[in-house]
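*Asks:* Okay, here's the structure, questions in a sec.
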Amino acid sequence: MLPQCVWSLSLSFTSAVAFVFAVSSSRSLPLLGRQARTFYAFQPLQRCRRRQTLHLSTCSVKSPASSLASHSGAPERGDGKREGDGKMERGRTVESADRVSKAKQYASLSNLHDLESIGALIADDCLIYGNEGKTATLEGMRRFRERFKNVFWVFHWFDDRGEDGVAFAFDRYWTDPETGAVKKCSATETVLFDAQGKIRGINYMSAPTDPEECGGYPEGGQVVPT
C-alpha cells in the first residue's frame, strides 16, 4: 500500500506541476507572442525608415532634374557659372571682331559705291564728315563721288581700339576730271559704333596728304566707275 500511495502522490505532484506549467505557459505565451509580433513589426519599420532616409539623402545629393540635365548634356549649376564667365569673355572677343568686320564691310562697300548698303550700316543720328544724320551723310557721300571720279581705296590695316572705334589706314586714288591724271593721297580714319553696332561717326585721325599724280591705279585694283 505504501508504494501505491507514494506513486499516487508522485502522480499528483507531477500533475500539479504540469498544471502550473500549463497555466504559466498560457499566460506567458501571449506575452511572448506580443513581444515577438512587436519585434518583427518594428524591424521592418526600421528597415523601411532606413531605406527612406537613404533614398531621400540620395535625392538631396542628385535630384532627378539635375540627373536629367547631366544626361542631356546641359551644364549643372556650378559649371553653368563657369560657362557663363567663358561666354562673357567670348562675347567681348566677338564684339571686337564684329566691329572690325563691320569696318571692313564699310570699306568694301565704299569701293563698290553701294550707298544703299552703306546706309544700312550707319545710325540714323550719325555724324560723319560733318554731316548730321543718315540722309545728309549719304548725300554727302554721293557728292564726294561726283567730285572724285572713279575713286578707289586701298586699305592697309584695321585696328580695334575699343571705345575709340576701329582705326584704319588707306591710300585713295581718283581721276582728275580736268586732266584725266590719276592722283593719290593717304590718310587714317576711325569708325565709331553705337550700342546697337551701327556706325555713328567717322573721323580723320590724320588728315589726307597733299594729292600727287601716281601714274595710275594700283595693279589688280577693281575700280568701279562713278
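Sequential numbering of the sequence shown, starting at 1, is according to full-length UniProt numbering.
C-beta: ideal position from N, C-alpha, C; glycine also.
#1: Helix, strand or coil for residue 226? Go by DSSP, reduced to three states.
#2: Given a cut-off of 8 angstroms on the beta-carbon distance, is the pair residue 167 and residue 188 in contact?
#3: Grab me the residues of residue 194's own chain with a C-beta within less than 7 angstroms of its C-beta, minus the 5 sequence neighbours each way, in chain order.
#4: Around the Cβ of residue 224, are there at least 16 other Cβ atoms within 10 angstroms (buried) or fewer (exposed)?
#5: Identify which residue in 155, 118, 156, 169 has its Cα closest to the Cα of residue 139.
#6: DSSP state of residue 95, grouped into three classes?
#7: When you compare the CB positions of residue 176 and residue 183, do they come within less than 8 angstroms of one another, or not?
#8: Considering only their Cβ atoms, is the gap separating residue 111 from residue 306 smaller than 8 angstroms?
#9: Output yes or no for whether 8 angstroms exceeds the beta carbon distance between residue 170 and residue 155.
#10: With a CB to CB cut of under 8 angstroms and the five nearest residues on each side skipped, what residues in its chain are close to residue 210?
#11: Taking residue 204 as the reference, give the member of 141, 128, 219, 133 with the closest Cα.
#12: Please go through the same chain and pick out, in chain order, the residues whose beta-carbon is closer than 6 angstroms to the beta-carbon of residue 159, but skip the five residues on each side of it.
#13: Do you know offhand how far residue 222's Cα is from residue 212's?
#14: Among 226, 216, 101, 95, which residue has its Cα nearest to the Cα of residue 157?
#15: My output table needs one value for residue 208: the three-state DSSP class, helix, strand or coil.
#16: Just grab the DSSP bridge partners of residue 186 for me.
#17: Return the chain-ordered list of same chain residues with a C-beta closer than 6 angstroms to the C-beta of residue 107, the five sequence neighbours on each side being excluded.
#18: Shortest alpha-carbon distance to residue 104 belongs to which of 190, 141, 148, 179?
#19: Suppose the cutoff is 8 angstroms on Cβ atoms and the five residues either side in sequence are ignored; what does the same chain contact list for residue 206 look like?
#20: Looking only at DSSP bridge pairs, what is residue 109 linked to?
#21: Taking the C-alpha atoms as reference points, what is the distance between residue 214 and residue 146?
*Replies:* By the coordinates alone:
#1: Of the three classes helix, strand and coil, the one that applies to residue 226 here is coil, per DSSP.
#2: Contact: yes.
#3: Same-chain partners within the cutoff: 123, 200.
#4: By the 10 Å Cβ count, residue 224 comes out exposed.
#5: For residue 139, the nearest C-alpha among the options comes from 118.
#6: Note: residue 95 maps to helix in three-state DSSP.
#7: Contact: yes.
#8: No answer is possible for residue 306: the residues shown for the chain start at 1 and end at 226.
#9: Closer than 8 angstroms, so yes.
#10: The residues are 185.
#11: Check the Cα spacing between residue 204 and each of 141, 128, 219, 133: the tightest is with 128.
#12: Cβ within range, chain order: 167.
#13: Cα to Cα, residue 222 sits roughly 21 angstroms from residue 212.
#14: Closest option to residue 157, Cα to Cα, is 101.
#15: In this structure, residue 208 counts as coil in the three-state DSSP scheme.
#16: Looking at the DSSP output, residue 186 sits in a beta bridge with 171.
#17: Excluding positions up to five away in sequence, the list reads 155.
#18: Taking the Cα of residue 104 as reference, the smallest distance to any Cα among 190, 141, 148, 179 is reached at 190.
#19: Excluding residues within five positions, the ones whose Cβ falls inside 8 angstroms are 187, 188.
#20: By DSSP's assignment, residue 109 forms no beta bridge with any residue.
#21: Taking the straight line joining both Cα atoms gives about 21 angstroms.
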